[in-house]
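**Q** I'd like to ask you about the structure that follows.
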Amino acid sequence: MGLVFLDLNGHFRFMQKIDEIENLIKIISKLPGLGPKSAKRIVLKLVNNRDELIKPMAKGLADIYKNIYSCKICGILKPTSIDCSYDNCKILNKKYNKICVVESIADQWSIESSNIFEGYFHILGGTINSSGQKKDDLLISSLVKRVKTQKIDEVILATSATVEGQTTAYYVHESLNSTNVKVTKLAQGLPVGGEIENLDDGTLYSAFKNRAGLNSESN
Ligand SMILES: [Zn+2]
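For what it's worth, the working numbering labels the leading residue of the sequence shown as 918, then goes sequentially.
See below:
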């Protein structure tokens, strides 16, 4: 049964509509960097490789859906089998005295892979922004509770150098006022408008090295 063919311009054309295929194309075109055209190519590749691709992919997705969550306290990704408390996700055996606050898991991964920072992460889950994300939508109060519960000496605000990132950093800093913890912010080396996940290791390194204190006594 011919499902798809290439027309003279090199475009894929569907000869028939199959709901399952159409649905999958719609879902895949929502992924970052993919439009309907690349989604069609992907689906075609999948249906032509049922055992090699569809089967393991379906299992992988089901496993992640069932077993992996982002922690409601610190925001990191973790298996459901691992408990979390304000005393840190038990995923970490080591004890640290620093928490690095980032907007997203992608930011955590960038900082981790650069090996600049040794400590806990706290993922806010976004920024306070004009499209309606509010302070209460972010994991800010659980950060305050973490700082109060553990022996934390420093909270490093590693939000992006965008208006949203800086507004968010301001609110996080304000929320931490009652804890007396030292709060620092990535400063020099971070280009204006720079998003953490897109920075190269060198820029990140310099931003961490030159982080500035936000508490009045450390300025
Ligand atoms: Zn956690």
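The beta carbon of each residue, even a glycine, is placed where N, CA and C say it ideally should be. In this text the structure is predicted, and so the values were computed from the model without any measurement.
Could you give the distance in angstroms between the alpha-carbon of Ile959 and the alpha-carbon of Leu951?
**A** Counted from its first residue, the sequence shown places residue 959 at position 42. Counted from its first residue, the sequence shown places residue 951 at position 34. Going by the C-alpha atoms only, they are around 10 Å apart.
**Q** Just checking Ile1137 against ligand 1 - is the residue's beta carbon closer than 7 Å to any of the ligand's heavy atoms?
**A** Outside the shown range of the chain (918 to 1136) lies residue 1137, about which nothing can therefore be said.
**Q** How long is the line joining the alpha carbons of Lys934 and Leu963, rounded to whole angstroms?
**A** The count along the sequence shown starts at 1 and reaches residue 934 at position 17. The count along the sequence shown starts at 1 and reaches residue 963 at position 46. Looking at the two C-alpha atoms, the distance is approximately 17 Å.
**Q** Heavy atom of ligand 1 less than 7 Å from the Cβ of Ile985, yes or no?
**A** As a first step, residue 985 is located in the sequence shown; it is residue number 68 there, counting from the start. Because no heavy atom of ligand 1 lies under 7 Å away, the Cβ of Ile985 does not count as near it: no.
**Q** If we require 3 or more residues per run, which beta strand (DSSP E) segments fall completely within the stretch 932 to 976?
**A** Taking only runs of at least 3 residues, no beta strand (DSSP E) segment lies wholly in the stretch 932 to 976.
**Q** As a quick exercise: from Leu1074, Thr1079, Ser1123, Lys1065, pick the residue whose alpha carbon is nearest that of Ala1086.
**A** Translated into positions along the sequence shown, residue 1086 becomes position 169. For Ala1086, the nearest C-alpha among the options comes from Leu1074.
**Q** Is Gly1043 helix, strand or coil when you go by DSSP?
**A** The residue you call residue 1043 lines up with position 126 of the sequence shown. Gly1043: coil per DSSP, three-state reduction.
**Q** Which whole-angstrom value is the C-beta distance of Gly992 and Leu941, which I expect to be below 8 Å?
**A** Taking the sequence shown and counting its residues from 1, one reaches residue 992 at position 75. Taking the sequence shown and counting its residues from 1, one reaches residue 941 at position 24. The pair is not a contact, with the Cβ atoms about 30 Å apart (cut-off 8 Å).
**Q** Would you say Cys1017 touches ligand 1, meaning its beta carbon is less than 7 Å from a heavy atom?
**A** Position 100 of the sequence shown, counted from the start, is the residue given in the question as residue 1017. Checking the Cβ of Cys1017 against ligand 1 gives no.
**Q** With a threshold of 8 Å, are at least 3 pairs of Cβ atoms found where one atom belongs to the stretch 967 to 982 and the other to the stretch 1023 to 1041?
**A** They do not touch, by the three-pair rule.
**Q** Note down, in chain order, each residue of its chain lying with its Cβ closer than 8 Å to the Cβ of Ser1031, except the 5 sequence neighbours on either side.
**A** To locate residue 1031, count along the sequence shown from 1; it is residue 114. For Ser1031, where only same-chain residues beyond five positions count, the Cβ hits under 8 Å are Asp1118, Leu1121, Tyr1122.
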